[in-house]
């Protein structure tokens, strides 16, 4: 999913910081997603939007994410009005990426000089972002402004800074920045290839 403005451009938390207060919860069994926002009634969106089944209720839209053209389905006026009220902006729409649409990421390995591609949905560079709390602690000690953060304890302060990076996978390695040298991460039987550093971070 992504939120677009009246021009069809995708909104990001970089420019619209209040987006971080929107909390999505997906209920697969009941087939809906619920969005909540402080001091507002939550809104539900069906997971079964089918543009082919009912053209009057679903509109195909095009937008761009990091320069890539993507196609998705408009989730309707009800959630659009909710987003406009929450973010105090007019003309917003919620778009769900089309199941037929595929954005590809490039994985480049300097050691083998090969490249391969895989689908990355609507994320910036890749499907997952890994954050090492040891690296964040190291960084926090280098940024004087972060000494004045309002969190009550050192642990809460670190958690708050980690949250700013919006990582999917949070780990604690023995040393800071060691993750920059990782080419593969294994979680149980799942192997994840590293695609390098996140430009946004």
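Residue numbers (my numbering): 40 to 240. Yeah, the Cβ is synthetic: ideal placement off N, Cα and C, and Gly gets one too. Predicted, not measured: the structure shown is a model, and the values here were computed from it.
- Taking C-beta atoms as the reference points, residue 200 and residue 175 count as a pair closer than 8 Å.
- With fewer than 16 other CB atoms across the displayed protein chains lying within 10 angstroms of its CB, residue 62 is exposed.
- Membership of residue 124 in the alpha helix (DSSP H) is indicated by the continuous run 116-126.
- Around the beta-carbon of residue 121, 16 or more other beta-carbon atoms lie within 10 Å, marking it buried.
- Excluding its 5 nearest sequence neighbours in each direction, residue 60 has C-beta neighbours in its own chain below 7 Å: 76, 77, listed in chain order.
- Nearest to residue 40 by alpha-carbon distance, out of 135, 111, 87, 203, is 135.
- Within the model, the alpha-carbon separation for residue 196 versus residue 206 is close to 16 Å.
- Distance between residue 238 and residue 211, taken at the CA atoms: about 21 Å.
- With contacts defined by Cβ atoms closer than 8 Å, residue 173 and residue 209 do not form a contacting pair.
- Restricting attention to 203, 50, 235, the CA atom closest to the CA of residue 58 is found in 50.
- Less than 8 Å separates the beta-carbon of residue 73 from that of residue 64.
- Taking C-alpha positions only, residue 85 is separated from residue 68 by approximately 12 Å.
- As the crow flies, the alpha-carbon of residue 232 is around 15 Å from that of residue 170.
- Counting only residues of its own chain and dropping the five nearest sequence neighbours on each side, residue 124 has a CB closer than 8 Å to the CB of 79.
- Residue burial annotation: residue 42 is buried, with at least 16 other C-beta atoms found within 10 angstroms of its C-beta.
- Residue burial is scored here from C-beta neighbours: residue 131 has at least 16 other C-beta atoms within 10 angstroms and is therefore classed as buried.
- If you draw a straight line from the Cα of residue 188 to the Cα of residue 182, it is about 11 Å long.
- Judged by DSSP secondary structure, residue 85 falls outside any alpha helix (DSSP H) and instead within the beta strand (DSSP E) spanning 82-85.
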